[in-house]
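Quick note on numbering: the sequence shown equals residues 0 to 471 in numbering that gives the first Met the number 0.
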Amino acid sequence: MTTPDVVRGLWPGAPAPNLLGDGLLSPDPATTPATTPATTPATTPATEADVPAANPAQFPGLPGQTAAFSPELARRDVPILHRTVNGHPLVWLDNGATTQKPRQVIEALAGFYGSANSNIHRGAHTMAREATEAYEAGRSAVAQFLGAPSPDDIVFVRGTTEAINLVAQSWGRANLGPGDDILVPVLEHHSNIVPWQLIAQQTRARVVPVPLQPNGQIDLTAYDDLLSMRTQLVALSQASNVLGTVPPVREMTALAHRYGAKVLVDGAQAVAHFPVDVQDLDADFYVFSGHKLFAPTGIGALYAKPEILRDMAPWQGGGNMIESVDFSHTTYAPVPHLLEAGTGHISGVVGLLAALNWLTSFDRDAIAAYETSLMAYAQQALATVPGLELLGSAPDRIAVLTFTLAGHDPSEIAAWLDRDGIAIRAGHHCAQPALAHYGLASAARASLALYNTSEEVDKLVASLQQLQQQAA
Numbered sequence: 000m001t002t003p004d005v006v007r008g009l010w011p012g013a014p015a016p017n018l019l020g021d022g023l024l025s026p027d028p029a030t031t032p033a034t035t036p037a038t039t040p041a042t043t044p045a046t047e048a049d050v051p052a053a054n055p056a057q058f059p060g061l062p063g064q065t066a067a068f069s070p071e072l073a074r075r076d077v078p079i080l081h082r083t084v085n086g087h088p089l090v091w092l093d094n095g096a097t098t099q100k101p102r103q104v105i106e107a108l109a110g111f112y113g114s115a116n117s118n119i120h121r122g123a124h125t126m127a128r129e130a131t132e133a134y135e136a137g138r139s140a141v142a143q144f145l146g147a148p149s150p151d152d153i154v155f156v157r158g159t160t161e162a163i164n165l166v167a168q169s170w171g172r173a174n175l176g177p178g179d180d181i182l183v184p185v186l187e188h189h190s191n192i193v194p195w196q197l198i199a200q201q202t203r204a205r206v207v208p209v210p211l212q213p214n215g216q217i218d219l220t221a222y223d224d225l226l227s228m229r230t231q232l233v234a235l236s237q238a239s240n241v242l243g244t245v246p247p248v249r250e251m252t253a254l255a256h257r258y259g260a261k262v263l264v265d266g267a268q269a270v271a272h273f274p275v276d277v278q279d280l281d282a283d284f285y286v287f288s289g290h291k292l293f294a295p296t297g298i299g300a301l302y303a304k305p306e307i308l309r310d311m312a313p314w315q316g317g318g319n320m321i322e323s324v325d326f327s328h329t330t331y332a333p334v335p336h337l338l339e340a341g342t343g344h345i346s347g348v349v350g351l352l353a354a355l356n357w358l359t360s361f362d363r364d365a366i367a368a369y370e371t372s373l374m375a376y377a378q379q380a381l382a383t384v385p386g387l388e389l390l391g392s393a394p395d396r397i398a399v400l401t402f403t404l405a406g407h408d409p410s411e412i413a414a415w416l417d418r419d420g421i422a423i424r425a426g427h428h429c430a431q432p433a434l435a436h437y438g439l440a441s442a443a444r445a446s447l448a449l450y451n452t453s454e455e456v457d458k459l460v461a462s463l464q465q466l467q468q469q470a471a
């Protein structure tokens, strides 16, 4: 990846210390000032020697610390994890809703607004050029992160929901018609269901649900049977936000392509947990949100194959997406700018760039292995809580633990845990069809990330046990 000068080190004119540093792109060692000893633990990057190895006796099967990753090393970069809630150290187990932000992201945002704030693309002045370089560096970073062939295959959006609506209204309006099928697994988040219902009403296509097996896996036999020459699109998540299920996306995509159908993959829950390669998946569309990837809210990205992207019509009109405007005729900018009307979330892209650089500074395979082991530990520990039932048991899954507790409403469980500083999610998780598969309208959910630890799992379990003891 080429590193523009503006994001290689300090923003021009920014005060020392480097507010962006390695928060955007890896700084040039030749121009990066030596690090001075820090005095604030919450913002001091740890070295491997500073971080104690996990205790294997306490956490059976926990991968040993590698030179590239440990949860303690990640935690030291995330200031909010060092606060207290209701007199207890915060235990953040609501990562499926949003992840917490490392200092590199926070400092990147401050650095941009403090030293380089400008609109992009058309300004002739220095700061406009710098902001444009940072914005387009973010596009290049997203392309590299997803394994996309070119930065021009990446469209910036507010998040997964907007990306799916964009595809539905731009590609869908032009390619769906009466009698066409849109296959959507029961597993999906509402944002990968409702946009297809809306476009189906407008085009007289139909949304066809793909059923689940009892363990939360997609019923692949039913999926194969539902595919036909009527199928124009398959919309599926790479990881479920409520069951953690990781479907065989590559194989499902290959099956859909046999019928000429396009495939949209919702990567919102996947991108923070394991590496993604859109070319290996052969996805026609891939979407994700930055805020579930340690980046700011309000920023996300859509990848589409270049031949598809080139044929997509504008979804919104305005500035940035045009070449020339006249009352008799308007010509449009090429993609991806064609689909980015108006002023984009420039600081959001700066923060996303910082988050991608932070995450990819770790060994992604080591992160995935650690999270898998932490999930296994959590499953075993939660099994000791009387009356607790975990939903879903698919063999391939991310660290999402959705559960019910006999005698307690999910909102009551969440409120009880909050007293101990433990944050989980309660409700329908914007996945009502998936919960209905288990005869439920709501459930509690603890979702883990790379900075969570076995000690935090122990606190969760101890608090739930106390809740059950109180009720006995």
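Just so you know, even glycine gets a beta-carbon here, dropped at the ideal spot from N, CA and C. Only a predicted model underlies this, so the values are computations on that prediction, with no experimental measurement involved.
- Between the alpha carbons of arginine 74 and leucine 449 lies a gap of roughly 9 angstroms.
- In the DSSP annotation of this structure, the continuous segment of the alpha helix (DSSP H) that includes glycine 113 starts and ends at 102-114.
- The C-beta distance from glutamine 103 to alanine 294 rounds to 10 angstroms, too long to fall under 8 angstroms, and the pair is not in contact.
- Looking at the DSSP output, serine 441 sits in no beta bridge, so it has no partner there.
- When DSSP states are grouped into helix, strand and coil, phenylalanine 284 belongs to the strand group.
- Annotation: the continuous beta strand (DSSP E) that includes lysine 261 extends over 261-265.
- Contact between alanine 115 and alanine 130 holds, since their C-beta atoms are separated by about 6 angstroms, short of 8 angstroms.
- For aspartate 180, no alpha helix (DSSP H) run applies; the uninterrupted beta strand (DSSP E) run containing it begins and ends at 180-184, by DSSP.
- Within the segment 210-252, the runs of beta strand (DSSP E) at least 3 residues long that lie entirely inside it are, in chain order, 230-236.
- The segment 280-292 and the segment 149-159 touch, with no fewer than 3 CB-CB distances between them shorter than 8 angstroms.
- CA-to-CA, the gap between leucine 439 and glycine 420 works out to about 27 angstroms.
- Serine 446 has Asp93, Val399 as its beta-bridge partners, per DSSP.
- Across the structure, isoleucine 321 and threonine 329 are spaced so that their CA atoms are roughly 7 angstroms apart.
- Within its own chain, the residues whose Cβ lies closer than 7 angstroms to the Cβ of histidine 336, once the five positions on either side in sequence are excluded, are Asn319, Met320, listed in chain order.
- The C-beta distance from valine 241 to alanine 430 rounds to 4 angstroms, short enough to fall under 8 angstroms.
- Phenylalanine 155 carries a strand assignment under DSSP once its states are collapsed to helix, strand and coil.
- As computed with DSSP, serine 323 is found in a beta bridge with Thr330.
- Isoleucine 181 is positioned such that its CB atom lies no closer than 8 angstroms to that of alanine 147.
- When secondary structure is reduced to three states using DSSP, leucine 301 falls in the strand class.
- The alpha-carbon of aspartate 283 is positioned some 22 angstroms away from that of alanine 221.
- Shown here, arginine 203 sits in coil according to DSSP, grouped into three states, outside any helix or strand.
- Residue pairing from DSSP places alanine 425 in a beta bridge opposite Ala443.
- Put simply, the backbone Cα of serine 446 is about 48 angstroms away from that of serine 323.
- Around the beta carbon of serine 327, fewer than 16 other beta carbons sit within 10 angstroms, so the residue counts as exposed.
- If you check the CB distance, leucine 416 and phenylalanine 402 do not come in under 8 angstroms.
- By the C-beta density criterion, glutamine 278 is exposed, having fewer than 16 other C-beta atoms within 10 angstroms.
- Here valine 207 is not near leucine 219, since their CB atoms are 8 angstroms or more apart.
- Distance from the CA atom of threonine 97 to the CA atom of aspartate 325, rounded to whole angstroms, is 43 angstroms.
- Spatial neighbours of threonine 83 in its own chain (CB-CB distance under 7 angstroms, excluding positions within 5 residues in sequence) are listed in chain order as Leu89, Gly420.
- Of the candidates Asn174, Arg138, Gln212, Asn191, Gln212 places its Cα closest to the Cα of proline 394.
- Under the DSSP assignment, glutamate 388 falls outside any alpha helix (DSSP H), being part of the beta strand (DSSP E) whose first and last residues are 387-389.
- One Cα belongs to valine 248, the other to leucine 235, and the distance between them is close to 8 angstroms.
- Around glycine 215, the same chain offers Leu242, Thr244, Gly391, Ala393 as residues with beta carbons nearer than 6 angstroms, after the five sequence neighbours per side are excluded.
- As far as DSSP is concerned, proline 150 takes part in no beta bridge.
- Look at valine 275 here: in three-state DSSP terms it is coil, with no helix or strand label.
- When beta bridges are read from the DSSP output, proline 88 appears opposite Thr83.
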